[in-house]
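Data first, discussion second: the structure below is written as structure tokens.
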Amino acid sequence: MEPKVILVTGANKGIGYEVVRQLCALGHQVLLSARSEAKGTEAVARLKAEGIHARFLQMDVAREEQVRAAAQEVAGQFGRLDVLINNAAVLLHDDKHVSEDQATVFEKTWRTNVTGPLLTVKYFLPLMPPGSRIINTSSGGGSMTDPVGGWSPAYCISKSALNALTRHLAFELANRQITVNAYCPGWVRTDMGGRAAPRSVQQGADTAVWLATARVQETGKFFRDRRIISW
Ligand SMILES: NC(=O)c1ccc[n+]([C@@H]2O[C@H](COP(=O)([O-])OP(=O)(O)OC[C@H]3O[C@@H](n4cnc5c(N)ncnc54)[C@H](OP(=O)(O)O)[C@@H]3O)[C@@H](O)[C@H]2O)c1
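Be aware that the sequence shown starts at 3, since it is given in my numbering, and climbs by one per residue.
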């Protein structure tokens with residue numbers, strides 16, 4: 003397989019970090035992106051200690067000027083991007099009751115979880131040739147058909163919006179032969195998922211790595227465990 007240039011946002015820890023680890027191990031050139039330079043370089047150093055070589059790219063997805071600058075950096079270094087994996091997201095502690103919470107909870111969540119992927123697509127798209135892929139890390143919490151559990155409503159609404167964004171982008175980019183899909187990693191043991199979650203980061207990362215590298219022709223779909231699930 004031709005090595006691809008792949009960018010993973012919010013990859014200094016958790017599922018994103020594991021996605022980077024697995025993609026590097028498959029021989030791809032992977033950009034480990036993080037908003038914190040200190041955390042990002044430390045993550046790259048941890049991988050290097052395992053014999054895995056990723057490149058650090060500083061980018062806060064909620065800050066448009068940083069996304070623009072990061073895209074310019076990738077244009078200069080590689081001249082292209084084959085796969086964009088939007089992984090960065092927040093789930094705020096005070097995200098409890100949509101009818102009562104401060105509007106800032108909703109706004110901050112939306113800025114990272116929805117505007118962030120929109121900005122990365124906008125600025126990296128010019129680098130993406132036909133055959134490229136955009137993968138949005140969503141959640142069953144954003145599903146309109148799964149039972150709604152009543153947890154973290156701003157987060158769940160942001161993932162519903164990310165699913166909708168996935169479908170619209172898939173339609174818009176079909177004529178450029180760029181596929182756009184969303185996936186749910188399941189409930190995973192990370193800082194966000196907590197210790198009680200049943201899945202490891204290896205299990206959580208699997209579908210993203212598969213969507214990035216396998217012969218997947220689908221676009222505008224929602225996946226879990228390598229299978230299409232309903233929105
Ligand atoms: N864990 C689960 O059970 C689960 C389930 C369904 C979906 N997901 C999704 O899977 C993805 C990864 O989650 P995770 O569990 O690995 O969470 P995590 O351990 O909390 O990691 C989230 C990552 O996103 C980064 N981030 C947050 N805001 C950012 C911003 N504005 N710009 C750039 N990076 C930013 C964080 O950076 P800092 O270290 O600087 O905060 C961190 O690296 C998310 O999209 C999440 O919604 C997770």
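From the three backbone atoms N, C-alpha and C, an ideal C-beta is built for every residue, glycine too.
For Ile-180, no beta strand (DSSP E) encloses it, and the DSSP letter there is neither H nor E.
Around Thr-114, the same chain offers Val-63, Ala-64, Ala-90, Ala-91 and Val-92 as residues with beta carbons nearer than 7 Å, after the five sequence neighbours per side are excluded. Excluding residues up to 5 positions away in sequence, Ala-73, Val-76, Ala-77, Arg-82 and Leu-83 lie with their Cβ nearer than 7 Å to the Cβ of Leu-129 in the same chain. About 5 Å separates the CB atoms of Leu-33 and Arg-57; that is less than 8 Å, so the two are in contact. The beta carbon of Tyr-185 sits closer than 8 Å to those of Ile-137, Asn-138, Thr-139, Ser-140, Thr-209, Ala-210, Leu-213, Phe-224, Phe-225 and Arg-226, all from its chain and outside the five residues before and after it, given in chain order. Rounded to the nearest angstrom, the gap between the Cα atoms of Gly-188 and Ile-17 is 11 Å.
Closest option to Thr-215, judged by alpha-carbon separation, among Ala-27, Asn-14, Lys-15 and Ile-159: Ala-27. In this structure, Leu-33 has its CB at a distance of at least 8 Å from all heavy atoms of ligand 1.
Sixteen is the threshold: since fewer than 16 other Cβ atoms of the shown chains lie within 10 Å of the Cβ of Gly-53, the residue is exposed. By the CB criterion at 9 Å, Leu-59 and Ala-40 fall outside the cutoff. About 7 Å separates the beta carbons of Arg-191 and Arg-201, which is inside the 8 Å limit, making them a contact pair.
Short note on Asn-89: C-beta closer than 8 Å to some heavy atom of ligand 1.
Collapsing the DSSP output to three states places Ala-36 in a strand. With respect to the 9 Å criterion, Val-100 and Pro-155 are classified as neighbours on the basis of their beta carbons. Across the structure, Gly-206 and Gly-152 are spaced so that their CA atoms are roughly 23 Å apart. A direct Cα-to-Cα measurement between Ala-51 and Gln-24 gives close to 15 Å. When only Cα atoms are considered, Ser-145 and Gln-204 end up about 23 Å apart. Cβ neighbours of Gln-179 within its own chain (closer than 7 Å, five residues either side excluded): Pro-132 and Gly-133. Remark: C-beta atoms of Leu-175 and Leu-127 approach each other more closely than 9 Å. Between ligand 1 and the CB of Val-63, the shortest heavy atom gap is smaller than 8 Å.
His-170 sits exposed, since fewer than 16 C-beta atoms from the chains shown fall within 10 Å of its C-beta.
When the Cα atoms are used, Arg-48 and Ala-13 turn out to be separated by approximately 12 Å. By the neighbour-count definition (other C-beta atoms within 10 Å, threshold 16), Asp-193 is an exposed residue.
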